[in-house]
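Residue numbers (UniProt numbering): 1 to 358.
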Ligand SMILES: [Zn+2]
Ligand SMILES: [Zn+2]
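Rendered as structure tokens:
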């Protein structure tokens, strides 16, 4: 294995709201006790990277995110290989192993949420978006005890989006509580999360109605959606009612617009479930009247990424070719342009940056 350099190229944001710079002299981390050093091959770009660097993201109840690390290095859906083992790493870890870089970086394993297998909500948890440098760098130190070990027989660039978009969409579809044959509406079906949600819902037996702008029609139907609804030129609520009769059994909102959430509630039949995974920037509020939620007996659930065990289920679905992330690979330094395209909302599927070629 090649020698590990002392410095590396990273995508750095010095101040919140500042530009992305690519310094070439950022230190390569030294793996500490029970840490591995991984060389990053590919990383996906998530909308929350864009929102976080511009500080339009907020924590629960609109509370600003605390312990935010500056300068900031984003990226939380990376795939790399172990190139170094810190002191105390178990003998089950070896150089060359394919690993994932996810949103969560460390968990305590002792709090109520960790013990319940929902460690993504760990009370002492840290993540690669706010607290630690993420996958927009060539080398990263990772906690060996909370390491995402990937199967060896996968294409790292295709697996990268599963690490955030995939698990988030998968958990959103699980939360929608569907059964085979149910109508499930995916709002934002052509986007990074949405195009994965369409496929997970298909695998679980749902009839999917993909909702997005008209230029995404062929893309969404190509993913296996039963119907496509163009929300620009038609009334999406009326169309979903026409297709389903009573309304959809469930809706997964992967879009980041407030209106999408109220539309979703209107599309649901009585007793339906709304699963929220998209996040409008800032402190956007629900616009649905409470009486509508009561009278229609709606269930509204939210989720953030998913647990390690749910991630491994999502990884397996892609390894077996049942869910195929649709990716466009770009050079690492294209990140600022990718952010511009994300703001326009015109991207189909997921952008994956090539950080290093081997
Ligand atoms: Zn993400
Ligand atoms: Zn915990």
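For every residue, glycine included, the Cβ atom is placed at its ideal position computed from N, Cα and C.
Beta-carbon proximity check, residue 83 vs residue 37, cutoff 9 Å: In this structure, residue 37 lies closer than 9 Å to residue 83 by Cβ.
Using 9 Å as the threshold, is the C-beta distance between residue 161 and residue 23 below it? no
Proximity of residue 284 and residue 186 at Cβ, strictly below 9 Å: no
State the DSSP-derived secondary structure class of residue 5, mapped to helix, strand or coil. coil
Tell me whether the stretch 40-51 and the stretch 132-143 touch, counting them as touching only if at least three CB pairs, one residue from each stretch, are closer than 8 Å. yes
Contact belief for residue 75 with residue 106 at Cβ below 8 Å, rounded distance in angstroms: So it is not a contact: roughly 16 Å between Cβ atoms.
Residue 310 at chain D interface by Cβ criterion, 9 Å: Given the protein chain composition of this structure (a single chain), no chain D is represented.
CA-to-CA distance, residue 228 to residue 355, given in whole angstroms: 35 Å
Going by beta carbon distance, what residues of the same chain come within less than 8 Å of residue 322, once the five residues before and after it are set aside? 199 and 203.
Between residue 278 and residue 253, which are expected to be in contact by the criterion C-beta below 8 Å, what is the C-beta distance as a whole number of angstroms? 5 Å
Smallest Cα separation from residue 127: which of 102, 80 and 169? 102
Let's see if you can read the secondary structure: which residues bound the alpha helix (DSSP H) around residue 48? 47-53
Below 8 Å on the Cβ atoms is my guess for residue 380 versus residue 169; work out the distance and round it to an integer in Å. The structure shown does not extend to residue 380, since the chain is modelled only from 1 to 358, so the question has no answer here.
Does the contact criterion of 3 or more C-beta pairs under 8 Å hold for the stretch 80-94 versus the stretch 107-118? Fewer than three beta-carbon pairs drawn from the stretch 80-94 and the stretch 107-118 are found closer than 8 Å, and the two stretches are therefore not classed as touching.
Can you check which of these residues, 173, 132 and 55, is closest to residue 304 by C-alpha distance? 173
Less than 8 Å between the CB atoms is what I'm expecting for residue 353 and residue 332, so what's the real figure, rounded? 5 Å
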